[in-house]
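From first to last, the protein sequence lines stand for chains A and B.
Everything in the first sequence is counted per full-length UniProt numbering, starting at 1 for the first residue and increasing by one.
Everything in the second sequence is counted per full-length UniProt numbering, starting at 1 for the first residue and increasing by one.
Glycine included, every Cβ here is placed at the ideal spot set by N, Cα and C.
What you are looking at is a predicted structure, and each value in this text was computed from that prediction instead of being measured.
Written out below as C-alpha cells is the structure these notes cover.
2 protein chains.
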Amino acid sequence: MGTTQLESVPEPKYWHLKTVLTEALDSEFSVGEILPNERDLAARFGVARATLRQALEQLELEGRLQRRRGVGTTVAPPRVGVAVGTDPHAWPGAPGDAWRPVDCTVALPPGAVADLLETGRDERVHTVRRSRVTHGRPVAADLLYVPDASVPDLSAIDAASGAARARAVLRELQRLELEGQDQAVELGSASAEDAKELDRLPGAPVLVVTTRYYAEDRTAAVSVATYRADTCRLTFGDAGDVEIHHDPERRAS
Amino acid sequence: MGTTQLESVPEPKYWHLKTVLTEALDSEFSVGEILPNERDLAARFGVARATLRQALEQLELEGRLQRRRGVGTTVAPPRVGVAVGTDPHAWPGAPGDAWRPVDCTVALPPGAVADLLETGRDERVHTVRRSRVTHGRPVAADLLYVPDASVPDLSAIDAASGAARARAVLRELQRLELEGQDQAVELGSASAEDAKELDRLPGAPVLVVTTRYYAEDRTAAVSVATYRADTCRLTFGDAGDVEIHHDPERRAS
DNA sequence: AAGTGGTCTAGACCACATC
DNA sequence: ATGTGGTCTAGACCACTTA
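The following block contains the structure:
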C-alpha cells in the first residue's frame with residue numbers, strides 16, 4: 001500500500017489546524033494583518049466552520065490572534081509585559097502607580113473578599129473601581145475593597161463622589177503604615193462589567209490578581225484586578241519591559 | 001401583555017446556563033459529586049448539547065468543574081494555592097524546593113528562550129525536565145534551560161543520565177552566585193507533552209511561569225513552568241496556603 | 001446593505017474508562 | 001458492552017461594524 005505511516009494516534013483536526021495556522025502566522029503574516037474570514041478559511045482547509053473556530057479560539061487564547069465581531073480576525077501583537085508586583089511596600093494609589101481611579105461606592109463585597117478582610121459577610125465596604133491602561137489600550141480593571149476600619153477620617157470621603165471620592169479613599173488608606181502584601185494569580189473569565197471595561201466579550205479569559213494589603217496586624221484592604229489574558233504577560237520583579245518574540249525565523253538546522 | 005420586561009439585551013443561552021449552574025454548584029452540590037451526563041443535562045435545560053458544553057467549558061476554566069472522558073463531570077475542589085515566588089535568592093533545586101527532577105537532555109531551546117539566554121538560536125543547552133506534585137496531584141511541568149557557560153564542571157554531568165544527570169546539572173548550577181531572578185506569568189495551552197505530564201488533554205489552559213535566573217551579570221538559566229490553570233492559584237509572597245472559598249452560603253439579606 | 005464573528009441546533013461518530 | 005466526554009458536520013440565525 002501507499003500509506004507510509006499508520007496514524008496510530010489520530011490527531012484531532014482542530015489541533016492539526018492550529019499547528020498549521022501557527023506556522024503560517026510565524027512565516028507569512030505580520031502583526032495587524034487581517035486573515036480571511038472564517039467561512040473562507042474553513043472552506044480552504046476543508047473543515048466545518050465550527051472546527052476552524054476551535055482552532056482560532058485556541059490561537060486567540062494564546063495571544064496570537066485577535067477577533068472582533070463585525071470586523072474580522074487580525075494577527076495580534078506580542079503580549080505586553082505588565083509590571084504587577086513591583087513595590088511590596090507601596091499602597092495602591094501611591095505616586096507613580098499605573099492605576100486611574102474611576103469611582104467609588106459602598107457595597108457588599110464578594111464572600112471570598114469578606115473572608116480575606118475578616119469583615120462579616122453582610123458588612124459593606126468602600127469599593128474603589130480603578131482602570132489600568134498601557135500603550136493606550138485598557139489592560140486591566142480593578143476593584144479595591146476597603147473596610148471602614150482602614151480609613152481614619154470618613155468625613156473627607158463622604159464629602160466627595162465619583163473619581164474624587166475614589167482618590168479620597170486612597171489618600172486616607174495611605175495614612176496607615178503598610179506592613180506587607182501578598183498576591184495570587186489565577187485564571188478567570190470576565191464578568192459582563194469587566195468585559196465592557198476591557199473591551200472584550202463577557203466570559204473572555206482573564207488573569208485575576210488578588211492582592212492583600214496588611215496594616216495594623218490585619219488585612220487592611222484587598223484588591224482584585226482582572227487583566228486581559230490574551231494581551232498581557234504579568235511580570236514580577238524588575239524585568240518589566242523585556243519583549244518575548246514568537247520565532248520569526250524558525251529555520252531548524 | 002403578560003411580559004413584564006422586554007429583554008433588550010438578550011443574554012446568550014450558554015451564559016445564562018452558566019449562571020444557573022454556578023448557583024446550583026454553590027447550593028446543591030458538594031465537592032467530588034458527579035453531575036448528570038451532558039446529554040441529560042442538555043435535555044433538562046432544553047438546549048443542544050453543544051450549548052450546554054459551552055457553559056461547562058467555562059465552568060471548567062474557572063475551576064468549578066472537572067471533566068474526564070469516559071468518566072463524567074464532577075464538582076472540583078477549590079483551587080490549591082501554589083507558592084511560586086517565595087525565595088528570590090535560591091537556585092532551582094535548592095534544598096526544600098517543590099520540584100522533582102525527572103531527566104535531562106541536551107537540546108535546542110525554543111527561540112524565545114534562546115533570546116533570553118543570549119545564546120545563539122542554534123546553540124543547544126542542557127534541558128532539565130522537572131515535575132511538581134501537590135497533595136498527590138501533578139500540578140506543574142517544567143523545563144529548565146541551562147547553557148554550558150553556567151555549569152563549571154561538565155564532566156560530572158556527562159557521567160550520569162536520567163534523573164541523576166538532572167540532579168548533577170542543578171548541583172553544578174548552584175555553584176554560581178545567584179544575583180537575582182524575575183518572573184512572568186501568562187496564559188498558554190498545554191503541549192501534547194505537558195498535557196500527558198499534567199493528566200490533561202492537549203490544549204488545556206495552563207499558566208506559564210517564565211523565570212530568569214541572573215548570575216555573573218547575565219541570564220544564567222531560564223525556567224519555563226506550566227501550571228494547570230484549572231486547579232492552581234499561583235501565590236507570590238507569603239500567603240501560600242490561604243484557602244479561597246466559593247460562597248457556600250450566599251444568603252443576601 | 002453587506003460582511004464579519006458569535007450563538008445555536010440536531011444530529012453523527014470516536015476515544016476512553018468501566019463493568 | 002455500555003456509558004461518558006471529545007470531535008465534527010452542515011446548516012441557521014443573530015449582533016455588530018462598516019460603508
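1. Under 7 Å, CB to CB, which of the residues in the region 7-39 of chain B have a partner in chain A?
2. Pull up the CB-CB distance for A/L61 and B/P205, whole angstroms please, since I reckon it's below 8 Å.
3. Give a yes or no on whether the minimum CB-CB distance between A/G188 and chain B is below 8 Å.
4. So B/V139 packs on B/V82, CB below 8 Å; how close in whole Å?
5. Mind listing which residues of the region 215-235 of chain A have their C-beta closer than 8 Å to chain B's C-betas, in chain order?
6. Exposed or buried, which one is B/D241 when buried takes at least 16 other CB atoms within 10 Å?
7. Determine the closest residue to A/L143 out of A/D153, A/G237 and A/R100, with distance taken between C-alpha atoms.
8. For A/I244, would you say it is in contact with chain B, using Cβ-to-Cβ distances shorter than 8 Å as the test?
9. Roughly how many angstroms separate the alpha carbons of B/P36 and A/E57, rounded to a whole number?
10. When you compare each of B/V222, B/F45 and B/L187 to A/T231 by their alpha carbons, which one comes out closest?
11. Helix or strand or just coil, what does DSSP make of residue 256 of chain A?
12. Take B/R228 and list the residues in its own chain whose beta-carbon comes closer than 6 Å to its own, dropping the five residues that flank it on each side.
13. Taking the alpha carbon of B/G136 as the point to measure from, which residue in B/L108, B/G120, B/C104 and B/A98 has its own alpha carbon closest?
14. Determine the direct distance from the alpha carbon of A/D103 to that of A/S191, and round the result to whole angstroms.
15. Please work out which residues of its chain come closer than 7 Å, Cβ to Cβ, to A/E172, disregarding the five sequence neighbours upstream and downstream, and give them in chain order.
16. Mind checking the region 55-69 of chain A against chain B and listing, in chain order, the residues whose C-beta falls within less than 8 Å of any C-beta there?
17. Where in the region 87-114 of chain A do unbroken runs of the alpha helix (DSSP H), each at least 4 residues long, occur, reported from the N-terminal end onward?
18. Check whether the region 68-83 of chain A and the region 109-121 of chain A are in contact - that is, three or more C-beta pairs closer than 8 Å.
19. Please list the partners that A/P95 has in chain B, where partner means a Cβ-to-Cβ separation under 8 Å.
20. Do you know how far the Cα of B/P147 is from the Cα of B/S131?
21. Can you pull the DSSP bridge partners for B/S223?
The answer reads as follows:
1. W15
2. What you label residue 61 of chain A is simply residue 61 of the first sequence in a count that begins at 1. What you label residue 205 of chain B is simply residue 205 of the second sequence in a count that begins at 1. The pair is a contact, with the Cβ atoms about 7 Å apart (cut-off 8 Å).
3. Here residue 188 of chain A corresponds to residue number 188 of the first sequence, with the count starting at 1. Yes, A/G188 counts as interfacial toward chain B.
4. Residue 139 of chain B sits at position 139 when you count from the first residue of the second sequence. Residue 82 of chain B sits at position 82 when you count from the first residue of the second sequence. With 8 Å as the limit, B/V139 and B/V82 qualify as a contact, their Cβ atoms being about 6 Å apart.
5. A229, D230, C232, R233, L234 and T235
6. Against the second sequence, residue 241 of chain B aligns to sequence position 241. Below a pLDDT of 50, predicted positions are generally treated as unreliable, and B/D241, at 42, falls in that range; the measurement from the model is reported next regardless. Classification for B/D241: exposed.
7. By 1-based counting over the first sequence, the position of residue 143 of chain A is 143. The option with the nearest alpha carbon to A/L143 is A/R100.
8. For the purposes of this step, residue 244 of chain A is identified with residue 244 of the first sequence, where counting begins at 1. Residue placement at A/I244 is flagged as unreliable, the pLDDT there being 49, under the threshold of 50; the coordinate-derived value follows with that caveat. Closer than 8 Å: yes.
9. Working through the second sequence from its first residue, we reach residue 36 of chain B at position 36. Working through the first sequence from its first residue, we reach residue 57 of chain A at position 57. Answer to the nearest angstrom: the Cα atoms are 27 Å apart.
10. Residue 231 of chain A sits at position 231 when you count from the first residue of the first sequence. Closest option to A/T231, Cα to Cα, is B/L187.
11. Limits of chain A in this structure are 1 at one end and 253 at the other, which puts residue 256 of chain A out of reach.
12. Residue mapping note: residue 228 of chain B aligns to position 228 of the second sequence, counting from 1. Only V139 and L198 meet the Cβ criterion.
13. Against the second sequence, residue 136 of chain B aligns to sequence position 136. Looking at the Cα atoms, B/A98 is the closest of the given residues.
14. The residue labelled residue 191 of chain A in the question sits at position 191 within the first sequence. The residue labelled residue 103 of chain A in the question sits at position 103 within the first sequence. If I take the Cα positions, the gap works out to 18 Å.
15. Along the first sequence, one-based indexing puts residue 172 of chain A at 172. Correct list, in chain order: V151, P152, D153, A156 and I157.
16. Q58, L61, E62 and G63
17. none
18. no
19. Here residue 95 of chain A refers to the residue found at position 95 of the first sequence. Residues of chain B passing the Cβ test: none, with the nearest at roughly 22 Å.
20. Counting from one through the second sequence, the residue named residue 131 of chain B turns up at place 131. Counting from one through the second sequence, the residue named residue 147 of chain B turns up at place 147. Roughly 20 Å separates the two Cα atoms.
21. As a first step, residue 223 of chain B must be located in the second sequence, where it is residue number 223. Answer by DSSP bridge pairing, in chain order: B/L144 and B/T211.
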